[in-house]
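Chemist: The structure that follows is given in the form of structure tokens.
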Amino acid sequence: MTVPVPEDVLVARGIEHRYGRRAVLRDVDITLRVGEMVALLGPNGAGKTTLMKVLVGLLRADDGKVEGPVGRAVGWVPQGGATYQRLTVRENLELFARLLHLPGDATTLAREAAERAELSPWFDSLGSELSGGLRQRLNVTVGLLGDPRLLVLDEPTTGVDLVHRTALYRQLRERADDGCSVLYSTHAIEDAAAADRVTVLVSGSTAFEGLLADVADVLGDSPAEYDQLDAVSRGLLRLWATDPHDDEVAR
Amino acid sequence: MRTPLLLARKDIRMLLRTRGLLALLLLYPLAIAALVGGVLLQQGPPKVAFVNEDLSGDVVHVGDREFSVSEYVRRAERSGVKVVDTTREEAERALEEGQVAGVLIVPQGTVARLETQLSGAKLLFLTGDNPLGTVVAQRMRGVIYNINLGISDALIDTNREYLETLVSGGDVVINGEEFDLYGLDPIEEDLEDALEELRESGADEDLLERIEDALEFAGTAGTAIGLADNALETAAAPVRIDVQRTKGKSPLLTAQAMSFALAVSIAFVCVVLIGASLAAEKDEAVLGRLLRGLASGWQVVTGKLLLGAVLAVLFSMGLFVVFAILAPQAWTRLPLLLLAVILVGLACSAIGALIAVLARDARTATLVAILFILPLVPLALVGLDGWAGIVEGLFPITPARDLFGAVLFEQDPWTTIRERGAQLLATTVVFTALSARLLRRLA
Numbered sequence: 003m004t005v006p007v008p009e010d011v012l013v014a015r016g017i018e019h020r021y022g023r024r025a026v027l028r029d030v031d032i033t034l035r036v037g038e039m040v041a042l043l044g045p046n047g048a049g050k051t052t053l054m055k056v057l058v059g060l061l062r063a064d065d066g067k068v069e070g071p072v073g074r075a076v077g078w079v080p081q082g083g084a085t086y087q088r089l090t091v092r093e094n095l096e097l098f099a100r101l102l103h104l105p106g107d108a109t110t111l112a113r114e115a116a117e118r119a120e121l122s123p124w125f126d127s128l129g130s131e132l133s134g135g136l137r138q139r140l141n142v143t144v145g146l147l148g149d150p151r152l153l154v155l156d157e158p159t160t161g162v163d164l165v166h167r168t169a170l171y172r173q174l175r176e177r178a179d180d181g182c183s184v185l186y187s188t189h190a191i192e193d194a195a196a197a198d199r200v201t202v203l204v205s206g207s208t209a210f211e212g213l214l215a216d217v218a219d220v221l222g223d224s225p226a227e228y229d230q231l232d233a234v235s236r237g238l239l240r241l242w243a244t245d246p247h248d249d250e251v252a253r
Numbered sequence: 008m009r010t011p012l013l014l015a016r017k018d019i020r021m022l023l024r025t026r027g028l029l030a031l032l033l034l035y036p037l038a039i040a041a042l043v044g045g046v047l048l049q050q051g052p053p054k055v056a057f058v059n060e061d062l063s064g065d066v067v068h069v070g071d072r073e074f075s076v077s078e079y080v081r082r083a084e085r086s087g088v089k090v091v092d093t094t095r096e097e098a099e100r101a102l103e104e105g106q107v108a109g110v111l112i113v114p115q116g117t118v119a120r121l122e123t124q125l126s127g128a129k130l131l132f133l134t135g136d137n138p139l140g141t142v143v144a145q146r147m148r149g150v151i152y153n154i155n156l157g158i159s160d161a162l163i164d165t166n167r168e169y170l171e172t173l174v175s176g177g178d179v180v181i182n183g184e185e186f187d188l189y190g191l192d193p194i195e196e197d198l199e200d201a202l203e204e205l206r207e208s209g210a211d212e213d214l215l216e217r218i219e220d221a222l223e224f225a226g227t228a229g230t231a232i233g234l235a236d237n238a239l240e241t242a243a244a245p246v247r248i249d250v251q252r253t254k255g256k257s258p259l260l261t262a263q264a265m266s267f268a269l270a271v272s273i274a275f276v277c278v279v280l281i282g283a284s285l286a287a288e289k290d291e292a293v294l295g296r297l298l299r300g301l302a303s304g305w306q307v308v309t310g311k312l313l314l315g316a317v318l319a320v321l322f323s324m325g326l327f328v329v330f331a332i333l334a335p336q337a338w339t340r341l342p343l344l345l346l347a348v349i350l351v352g353l354a355c356s357a358i359g360a361l362i363a364v365l366a367r368d369a370r371t372a373t374l375v376a377i378l379f380i381l382p383l384v385p386l387a388l389v390g391l392d393g394w395a396g397i398v399e400g401l402f403p404i405t406p407a408r409d410l411f412g413a414v415l416f417e418q419d420p421w422t423t424i425r426e427r428g429a430q431l432l433a434t435t436v437v438f439t440a441l442s443a444r445l446l447r448r449l450a
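Same order as they appear, the protein sequences are chains F and R. Residue numbers for the first sequence follow the working numbering, so the first one is 3 and each next one is one higher. Residue numbers for the second sequence follow the working numbering, so the first one is 8 and each next one is one higher.
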């Protein structure tokens, strides 16, 4: 008996992007399979947001190829809330459902989406009245409207406490189990732990791709101040401190 | 169009929830109206310079009557025009500098023409090529109508006296010369006596027939002249006015103040609010979400233009009601005014959109929008010529001021509406295209 190999939902190869003369992404490869959760891990300025914008079609790659779903089949969850603070949860969900041209009554769709995201108690609350965690949950819920095949989230847990963070990853895992592929960026190891695989991006290039636990394999001699950290964190710090364009780095 | 409408409706809903801004939107037009009203009260009625170039004075003698042209001109002050006596050079300079709205000139020989009644006299009215000039010219036509009425009354009375003397006989003075007229009635009586005596003396039948004809003519002529009395009462106006348009700055009065206030207010509201509104979407990261397949750059900018048009209409209606109390003639132009307000609102919103696209955040966009509008306000007030004027025309305040002036006060506003409307439409299209193109790149 053969185990079926999940099909690829997104395949990006040799992605390059420049802002003026400055190269932000250099020969980046990334692949997502159906129902897979992948964390895009990297320090600030590594090019995570730029890569995600290229993958969802907001930016055009200067070189390379992206193959994957387009339009309504891709849910995009940007940083910073990305919903209207002076609209209620219901009005936000109705507006984006209408803009997506989803079939059916917008209010019904909004109510169903809010129930699934456990946002019903705040259905008629303004966005400005929500906590950071709830606002981020609304942001993700808007991204999930229309049941996309691929959900791309840019640092979804920034400013979110542990309770809401756990609820968020539970919500994402449920969607992944339903067949939605999830790609999210983060610079926190505990967030990456929720993913099936991680891709580590450093200075615009892929420094590591695989299981989070395997990041420890790249650990070599490390400074004494890293001793209190676990092996994965030490491996990650070692990766982040390395310029992939100067040294050969384990992948 | 569904997407821009959805986005505009969302913006209006959000605006209604921003109470501070809403209050500002309601108070701002009232503040502008109060300022303009203050200016109007300080300025008083429009001034008209009066120049009498007739060296024989301004008192016209018609028959045994006399009246002063300047006195009739001064009656214009009752209809809200201040008349100032001056020389022609001084008057033309004042018109050029915008100190007076028009110049009324009584040319040399006017009094003599009126007194001799050989031909009608012509007064000259110079005015600036502006809406106020039209209003003042209409008032001066009213003044001339009154002068005509006075003169025609005097002429009718004098001519009646001539005709009565022609019928009854007696002394009459024409152009200073005294005549002793025998009169048609005495002639008729004399001819009747003569005819009777000739019949009794057995005169020639042919002679008697000729005298009978003369007698009949005297009777008919007397009756006809009697009827002419009534015809004289409907005599035509002996004086015409010739209005000539000259270049010159117009004084800041009702028309200019209203047009200027509307243009500046809409420009401020649309450029600043639309700029801030679009930049805020960038701040809240919603713009990136919209542009990823939910709406195109064109649709996002068009949504903002629709919001700007709605704001402009709501905002200007408040201002309009205040002004219409000062100048009731404005009510008749309400539909045209709505069209003008929408055009101006669209052009100003397109500029606000471009500022938002280029600015880093909402605060910067607001500051840049205010800094953009402020220098245009005094420039639109004084008006620029040459290249500076062309550059000024690229931005919406001056075209908006002219458009409102034409819509509210010009008798035939269509030329200005076509020219300025096209200018504002071009501004809208160019700035919208730039905003939509740059929006995606900068989101």
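From the three backbone atoms N, C-alpha and C, an ideal C-beta is built for every residue, glycine too.
Using 10 angstroms around the beta-carbon of F:R253, count the other beta-carbons present and answer buried if the total reaches 16, otherwise exposed.
Modeler: Position 251 of the first sequence, counted from the first residue, corresponds to residue 253 of chain F. Summary for F:R253: the model assigns pLDDT 39, below 50, so the residue's position carries little reliability, and this model does not support an answer.
Chemist: Suppose contacts are defined by Cβ-Cβ distances below 8 Å. Is F:T201 in contact with F:L89 by that definition?
Modeler: For the purposes of this step, residue 201 of chain F is taken as residue 199 along the first sequence, with counting starting at 1. For the purposes of this step, residue 89 of chain F is taken as residue 87 along the first sequence, with counting starting at 1. Result no, Cβ atoms of F:T201 and F:L89 do not sit closer than 8 Å.
Chemist: Determine the direct distance from the alpha carbon of R:V58 to that of R:T422, and round the result to whole angstroms.
Modeler: Here residue 422 of chain R refers to the residue found at position 415 when the second sequence is read from its first residue. Here residue 58 of chain R refers to the residue found at position 51 when the second sequence is read from its first residue. Approximately 32 Å, taken between the alpha carbons.
Chemist: Could you tell me if R:I380 is buried or exposed, where buried requires 16 or more neighbouring beta carbons within 10 angstroms of its beta carbon?
Modeler: As a position in the second sequence, residue 380 of chain R is number 373, starting the count at 1. It is buried - the Cβ of R:I380 has at least 16 other Cβ atoms within 10 Å.
Chemist: Please identify the residue among F:D193, F:N46, F:L27 whose C-alpha is closest to the C-alpha of F:L57.
Modeler: On the first sequence, position 55 is the one that residue 57 of chain F refers to. For F:L57, the nearest C-alpha among the options comes from F:L27.
Chemist: Looking only at its own chain, which residues have a Cβ that is under 8 Å from the Cβ of F:R92, when we skip the five neighbours before and after it?
Modeler: Taking the first sequence and counting its residues from 1, the one referred to as residue 92 of chain F is at position 90. Correct list, in chain order: T109, A112, R113, A116, F125, D126.
Chemist: Hey, quick one: how far does the beta strand (DSSP E) through R:N59 stretch, first residue to last?
Modeler: Your numbering for residue 59 of chain R matches position 52 in the second sequence. First-last of the beta strand (DSSP E) with R:N59: 54 to 59.
Chemist: If you draw a straight line from the C-alpha of F:L147 to the C-alpha of R:A363, how long is it?
Modeler: By 1-based counting over the first sequence, the position of residue 147 of chain F is 145. By 1-based counting over the second sequence, the position of residue 363 of chain R is 356. Near 29 Å, if we compare the C-alpha coordinates of R:A363 and F:L147.
Chemist: From the DSSP output, in three-state form, read off R:V118 for me.
Modeler: Sequence index remark: in the second sequence, residue 118 of chain R carries index 111 (1-based). It is helical.
Chemist: Tell me which same chain residues have a C-beta within less than 7 Å of the C-beta of R:G255, skipping the five on either side of it?
Modeler: Counting from one through the second sequence, the residue named residue 255 of chain R turns up at place 248. With a pLDDT of only 45 at R:G255, under 50, the local geometry of the prediction cannot be trusted, and no value is derived from it.
Chemist: Which residues in chain F have a C-beta closer than 9 Å to the C-beta of R:K289? List them in chain order.
Modeler: Translated into the one-based positions of the second sequence, residue 289 of chain R becomes position 282. Neighbours of R:K289 on chain F: none; closest Cβ ~10 Å, over 9 Å.
Chemist: Among R:G109, R:K129, R:V107, which has the Cα closest to the Cα of R:Q115?
Modeler: For the purposes of this step, residue 115 of chain R is identified with residue 108 of the second sequence, where counting begins at 1. Out of R:G109, R:K129, R:V107, R:K129 has the C-alpha closest to the C-alpha of R:Q115.
Chemist: Given that a residue counts as buried once 16 or more other Cβ atoms are within 10 Å of its Cβ, and exposed if not, what is R:R206?
Modeler: What you label residue 206 of chain R is simply residue 199 of the second sequence in a count that begins at 1. It is exposed - the Cβ of R:R206 has fewer than 16 other Cβ atoms within 10 Å.
Chemist: Just verifying my parser: in three-state terms, what is the DSSP assignment at R:T94?
Modeler: Residue mapping note: residue 94 of chain R aligns to position 87 of the second sequence, counting from 1. Three-state DSSP puts R:T94 in coil, outside helix and strand.
Chemist: Give the residues of chain F in contact with R:K311, contact being defined as C-beta atoms less than 8 Å apart.
Modeler: The residue you call residue 311 of chain R lines up with position 304 of the second sequence. Per Cβ cutoff of 8 Å: no residues; R:K311 is ~14 Å from chain F at best.
Chemist: At the 8 Å Cβ level, is F:Y86 part of the contact set with chain R, yes or no?
Modeler: Position 84 of the first sequence holds residue 86 of chain F. Interface residue, yes.
Chemist: Please name the residue or residues paired with F:M39 in a DSSP beta bridge.
Modeler: Locating residue 39 of chain F in the first sequence gives position 37, counting from the first residue. Answer is F:V184, bridged to F:M39.
Chemist: Considering only the beta carbon of each residue, do R:V320 and R:I349 sit closer than 8 Å?
Modeler: Against the second sequence, residue 320 of chain R aligns to sequence position 313. Against the second sequence, residue 349 of chain R aligns to sequence position 342. Yes, the Cβ-Cβ distance between R:V320 and R:I349 is below 8 Å.
Chemist: Taking Cβ positions, are R:V88 and R:V55 nearer each other than 8 Å?
Modeler: As a working note, residue 88 of chain R is residue 81 in the second sequence. As a working note, residue 55 of chain R is residue 48 in the second sequence. Yes, the pair counts as a contact, with Cβ atoms nearer than the cut-off.
Chemist: Do R:A316 and R:T439 have their C-beta atoms within less than 8 Å of each other?
Modeler: By one-based count along the second sequence, residue 316 of chain R stands at place 309. By one-based count along the second sequence, residue 439 of chain R stands at place 432. Going by C-beta atoms, R:A316 is not nearer than 8 Å to R:T439.
Chemist: Can you check which of these residues, F:L153, F:E18, F:L97, F:V72, is closest to F:G66 by C-alpha distance?
Modeler: Locating residue 66 of chain F in the first sequence gives position 64, counting from the first residue. Among F:L153, F:E18, F:L97, F:V72, the Cα nearest to that of F:G66 is on F:E18.
Chemist: Please tell me whether R:Q430 and R:G396 are closer than 8 Å, where the distance is taken between their beta carbons.
Modeler: Here the question's residue 430 of chain R lines up with position 423 in the second sequence. Here the question's residue 396 of chain R lines up with position 389 in the second sequence. Going by C-beta atoms, R:Q430 is not nearer than 8 Å to R:G396.
Chemist: Between the segment 312 to 323 of chain R and chain F, which residues of the former have CB atoms less than 8 Å from a CB of the latter, in chain order?
Modeler: So nothing in the stretch comes that close.
Chemist: Within 10 Å of its beta-carbon, does F:W78 have 16 or more other beta-carbons around it, so buried, or fewer, so exposed?
Modeler: The residue labelled residue 78 of chain F in the question sits at position 76 within the first sequence. Per the 10 Å Cβ criterion, buried.
Chemist: Determine, for F:L102, whether the minimum Cβ-Cβ distance to residues of chain R falls below 8 Å.
Modeler: Within the first sequence, residue 102 of chain F is the residue found at index 100, counting from 1. Taking Cβ atoms only, chain R reaches closer than 8 Å to F:L102, which makes this a yes.
Chemist: Which bits of chain C does F:V58 rub up against, with CB to CB less than 7 Å?
Modeler: Judged by its chain identifiers, the structure shown contains no chain C, and its protein chains are F and R.
Chemist: Tell me whether R:V276 is buried or exposed, calling it buried when 16 or more other Cβ atoms sit within 10 Å of its Cβ.
Modeler: Within the second sequence, numbered from 1, the residue matching residue 276 of chain R stands at position 269. With 16 or more Cβ atoms within 10 Å of its Cβ, R:V276 is classed as buried.
Chemist: Is the segment 336 to 345 of chain R touching the segment 404 to 414 of chain R, taking contact as three or more C-beta pairs under 8 Å?
Modeler: Taking 8 Å as the limit for Cβ pairs, the verdict is that the segment 404 to 414 of chain R does touch the segment 336 to 345 of chain R.
Chemist: Compare the Cα-Cα distances from R:V110 to each of R:P406, R:T309, R:R120, R:T93 and report the closest residue.
Modeler: Residue mapping note: residue 110 of chain R aligns to position 103 of the second sequence, counting from 1. Selected option, being the one with the closest Cα: R:T93.
Chemist: Alpha carbon to alpha carbon, how far is F:A75 from F:D193? Give it in angstroms, no decimals.
Modeler: Residue 193 of chain F sits at position 191 when you count from the first residue of the first sequence. Residue 75 of chain F sits at position 73 when you count from the first residue of the first sequence. Each residue's Cα considered, the two are about 25 Å apart.
Chemist: So, is F:Y21 buried or exposed, given that buried needs 16 or more other C-beta atoms within 10 angstroms?
Modeler: The residue given as residue 21 of chain F occupies position 19 in the first sequence. So F:Y21 counts as exposed.
Chemist: What residue range is occupied by the uninterrupted alpha helix (DSSP H) comprising F:E117?
Modeler: One-based indexing of the first sequence puts residue 117 of chain F at position 115. Run containing F:E117: 108 to 118, per the alpha helix (DSSP H) assignment.
Chemist: Quick one: is R:L32 near chain F, going by C-beta distance under 8 Å?
Modeler: Locating residue 32 of chain R in the second sequence gives position 25, counting from the first residue. Chain F contact via Cβ: absent.
Chemist: Which residues share a DSSP beta bridge with F:R20?
Modeler: For the purposes of this step, residue 20 of chain F is identified with residue 18 of the first sequence, where counting begins at 1. F:R20 is bridged to F:A25.
Chemist: Please report how far the alpha carbon of F:F189 lies from the alpha carbon of R:L32, in whole angstroms.
Modeler: For this step, residue 189 of chain F is matched to residue 187 along the first sequence. For this step, residue 32 of chain R is matched to residue 25 along the second sequence. The residue asked about is misnamed: residue 189 of chain F is His in this sequence, not Phe. Distance between the alpha carbons of F:H189 and R:L32 is about 44 Å.
Chemist: In the DSSP assignment, find the unbroken alpha helix (DSSP H) run with F:A209 in it and report its ends.
Modeler: Locating residue 209 of chain F in the first sequence gives position 207, counting from the first residue. Careful: F:A209 lies outside any alpha helix (DSSP H), inside the beta strand (DSSP E) at 207 to 212.
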